[in-house]
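See structure below.
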Amino acid sequence: MDIFQMERPGYGSKRFPKLVVSFLVAFCLLYMASMVYRSSTFVLIGEAAKDNGAGEVAENVTTPSGTLLGGLLATGFDEESCISRYQATSYRKTSPHKPSAYLVSKLRKYEDLHKRCGPNTESYKRALKNLSSSHINGTTGCNYIVWTPSNGLGNRIISMASSFLFAILTNRVLLVDHGTDMAGIFCEPFPNTSWLLPMDFPLTNQFYSLQPGNAHSYGHLLKINNMNISAVSQPPSFLHIYLAYNYDKHDKLFFQDQNQGFLRKVPWLILKSDQYFVPYLFLIPSFQQELGKLFPDKGTVFHHLVRYLFHPSNQAWGLITRFYRAYLASADQKIGLQVRVFDRKASPVNVVLEQILGCIQKEKLLPQVDEQKPIASPSKNQTLRAVTIASLYPEYYERIKSMYWMKPAVNGDVISVYQPSHEEVQHFGNNIHNMKAWAEISILSLSDVLVTSSWSTFGYVAQGLGGLKPWILYVPAGNHPTDQPCPRGMSMEPCFHFPPDYYRISNTRQRLDSGSLVTHVRQCEDASRGIKLFNAKQL
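Heads up, the working numbering is the position in the sequence shown plus 16, with the first residue counted as 1.
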């Protein structure tokens with residue numbers, strides 16, 4: 017026993033190095049094998065992502081051209097200051113509508129102008145001095161258009177986009193008065209500067225008096241000079257431009273081409289509008305050539321403008337992404353339904369609901385429910401459809417959700433229905449209300465299929481952001497739904513609800529609708545008095 021015990025340590029001491037070497041060799045082989053496996057797994061995941069369409073989304077996140085929307089957006093921003101600018105493409109399908117090279121170039125030039133003339137620059141300070149004089153005292157090289165708010169968030173966004181396009185066409189700098197109820201909702205759109213009007217702007221106290229017939233308005237100036245702008249010997253240092261829904265016949269003369277030359281000489285234009293007046297800019301001859309170069313596809317003007325200008329702030333982006341991840345991320349199809357009822361007495365809940373159901377069933381946007389079977393038949397191709405309802409009121413959501421909970425879909429699909437909020441009334445001047453509204457607009461824009469309500473600017477913004485041609489829900493005014501509950505929109509452009517009257521006279525209007533005047537401006541589908549832009553090739 018003693019000899020045996022003495023031999024065991026000797027035996028182990030000779031074999032130990034060999035065991036260590038063998039272990040290391042085996043470990044290396046296993047590590048190499050695992051790396052090969054991991055590499056092949058990543059390839060498989062990548063291929064699977066391409067197969068199910070996720071490859072496009074991933075590409076947008078990682079490539080500058082995707083993240084920056086084909087050059088539409090500028091570089092040079094602090095990513096942490098506006099996370100949505102760089103993340104939004106991963107939540108939305110790649111847009112097939114690319115900005116023209118001329119538009120991209122024009123935006124970069126505008127950004128340089130804004131940086132040179134924006135708030136707190138020397139040029140801005142010199143330009144302010146003109147405001148204390150009734151007439152212009154020298155030139156500063158910087159002219160401005162100051163946007164002031166009117167009505168709800170949808171109206172504000174479409175009118176800001178219109179004002180920005182006018183600024184580009186007339187070489188002006190756009191400054192916006194967001195006040196307190198829009199504070200912190202959007203990111204800054206231009207690099208290394210701000211578009212927010214400084215709080216100490218000297219004419220702020222006049223903003224509330226911006227109404228038809230205002231003494232400082234362009235319309236009033238024409239009126240007191242017998243409609244002859246050439247009778248004005250010297251342009252004033254500023255003018256009010258009133259283009260809201262109730263503007264009068266004198267204010268509407270802003271759109272006459274012969275008046276644009278005079279307006280170019282006025283350093284400061286203070287604008288109040290709740291309209292998407294872009295379609296009428298396309299009817300002004302002196303703008304047409306430039307607009308044609310900027311937007312070869314006339315049906316994408318708002319799509320490019322709204323994606324360029326409006327990015328959710330980090331706080332708003334948090335609302336959007338939390339809702340998306342909780343309720344929409346796993347869906348095979350995302351359906352947005354926006355219900356705007358302007359008069360609940362004239363449009364009772366049951367009638368509107370019948371119109372909604374007629375829409376989604378006639379257009380086959382959602383399956384019908386099975387009235388016979390309590391449980392859906394098993395299906396290998398079961399589809400999960402997530403419906404987001406945006407409305408001030410909860411009744412439409414509750415009825416539709418209950419319908420798909422109480423009965424299965426006839427094709428076995430799983431239908432989930434969600435509503436982010438129901439404020440009951442539209443709160444003007446409320447920052448939290450506007451934050452929620454902006455979040456819901458953005459959530460709707462992430463849909464694969466979108467139904468919007470007629471006349472709703474809220475819906476216009478969602479369809480523009482998402483690049484979607486919506487089904488337009490006609491909200492019935494009476495006790496009966498309509499035969500055509502929701503025809504498909506021919507364009508994702510918003511409607512200019514209240515264009516100048518002199519383009520609604522019968523002869524001119526007939527030429528406009530026939531396309532003999534211009535091929536890309538026609539009557540709106542949802543507002544017979546309005547006009548909108550179309551892609552003429554798709555009419």
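All C-beta atoms, glycine included, are put in the ideal place defined by N, C-alpha and C.
Exercise. How many angstroms separate the CA atom of aspartate 94 from the CA atom of serine 179?
Worked result: 26 Å
Exercise. In the structure shown, what three-state DSSP assignment does serine 393 receive?
Worked result: coil
Exercise. Does the Cβ of isoleucine 547 have 16 or more other Cβ atoms within 10 Å, making it buried, or fewer, making it exposed?
Worked result: Result: buried.
Exercise. Grouping DSSP H, G and I as helix and E and B as strand, with all else coil, what is alanine 543?
Worked result: coil
For this session: Give the secondary structure of serine 97 by DSSP, where H, G and I count as helix, E and B as strand, and everything else as coil.
Result: helix
Problem set entry | Three-state class that DSSP yields for leucine 381 in the structure shown | DSSP places leucine 381 in coil when its eight states are reduced to three.
Exercise. Helix, strand or coil: how does DSSP classify alanine 199 here?
Worked result: coil
For this session: Compute the Euclidean distance between the alpha carbons of isoleucine 431 and alanine 402, then round it to the nearest angstrom.
Result: Straight-line Cα distance between these residues: approximately 6 Å.
Problem set entry | methionine 243 classed as buried or exposed, judged by whether at least 16 other C-beta atoms fall within 10 angstroms | Flag for methionine 243 reads exposed.
For this session: Could you tell me the distance, in whole angstroms, from the CA atom of proline 112 to the CA atom of leucine 181?
Result: 22 Å
Exercise. Closest by CA to leucine 237, which one among Pro251, Val491 and Ser210?
Worked result: Considering only alpha carbons, the answer is Pro251.
For this session: Leaving out five residues on either side along the sequence, give the residues of the same chain with a beta carbon under 7 Å from the beta carbon of proline 390.
Result: none
Exercise. Expressed to the nearest angstrom, what Euclidean distance is found between the alpha-carbon atoms of arginine 341 and leucine 335?
Worked result: 10 Å
Exercise. So what's glutamine 442 in DSSP terms, helix, strand or just coil?
Worked result: Residue state, collapsed to three classes: coil.
Problem set entry | the stretch 483 to 490 in contact with the stretch 126 to 137 per 3-pair CB rule at 8 Å | no
Exercise. Which residue or residues does DSSP assign as beta-bridge partners of arginine 188?
Worked result: According to DSSP, which records beta bridges pairwise, arginine 188 is partnered with Asn159.
Exercise. If you run the structure through DSSP and keep just helix, strand and coil, what is proline 501?
Worked result: coil
Problem set entry | Nearest candidate by alpha-carbon position, reference glutamine 442, set Tyr409, Tyr292 and Pro218 | When only C-alpha atoms are compared, the closest one is Tyr409.
Exercise. So the beta strand (DSSP E) phenylalanine 254 belongs to, where does it begin and stop?
Worked result: 254 to 258
Problem set entry | Local Cβ density within 10 Å of proline 501, reported as buried at 16 or more and exposed below that | With 16 or more neighbouring CB atoms inside 10 Å of its own CB, proline 501 falls in the buried class.
For this session: Pair every Cβ in the stretch 155 to 173 with every Cβ in the stretch 263 to 274, then say whether three or more of these pairs are closer than 8 Å.
Result: no
Problem set entry | Among Ala247, Phe271 and Ser246, nearest to tyrosine 258 - alpha-carbon criterion | Nearest to tyrosine 258 by C-alpha distance, out of Ala247, Phe271 and Ser246, is Phe271.
Exercise. Once you ignore the five residues that flank methionine 451 on each side, which residues in its own chain have a CB closer than 8 Å to its CB?
Worked result: Gly200, Ile201, Gln331, Ala332 and Leu335
Exercise. On the three-state DSSP scale, how would you describe lysine 15?
Worked result: Nothing about residue 15 can be read from this structure; the chain reaches only from 17 to 555.
Exercise. Tyrosine 53: buried (16+ other C-beta within 10 angstroms of its C-beta) or exposed?
Worked result: In this prediction, tyrosine 53 scores a pLDDT of 35, lower than 50, which makes its location untrustworthy; no coordinate-derived value is stated.
Problem set entry | Closest residue to lysine 114 among Ile174, Tyr140, Asp542 and Leu84 (Cα-Cα distance) | Leu84
Exercise. Under a three-way DSSP split, which group does proline 486 fall into?
Worked result: coil
Problem set entry | Supposed close pair valine 465, isoleucine 351 - CB separation, criterion 8 Å | Valine 465 to isoleucine 351, Cβ: 5 Å. Contact.
Exercise. What's the C-alpha gap between aspartate 416 and valine 433?
Worked result: Inspection of the sequence shows that residue 416 is occupied by isoleucine rather than by aspartate. Roughly 7 Å separates the two Cα atoms.
Exercise. What do you reckon, are the CB atoms on serine 149 and tryptophan 163 nearer than 9 Å?
Worked result: no
Exercise. If we call anything under 9 Å between Cβ atoms a contact, is proline 228 one with asparagine 262?
Worked result: yes
Exercise. Beta-carbon separation of phenylalanine 278 and serine 329 under 9 Å?
Worked result: no
Exercise. Around the Cβ of glutamine 377, are there at least 16 other Cβ atoms within 10 angstroms (buried) or fewer (exposed)?
Worked result: exposed
For this session: Please report how far the alpha carbon of methionine 563 lies from the alpha carbon of serine 249, in whole angstroms.
Result: As displayed, the chain neither begins before 17 nor continues past 555, which places residue 563 out of reach and without an answer.
Problem set entry | Segment limits, alpha helix (DSSP H) that includes lysine 145 | For lysine 145, the enclosing alpha helix (DSSP H) stretches over residues 138 to 146.
For this session: Buried or exposed for cysteine 394, please, with buried defined as at least 16 other CB atoms from any protein chain shown within 10 angstroms of its CB.
Result: Note that residue 394 is proline in the sequence shown, not cysteine. So proline 394 counts as exposed.
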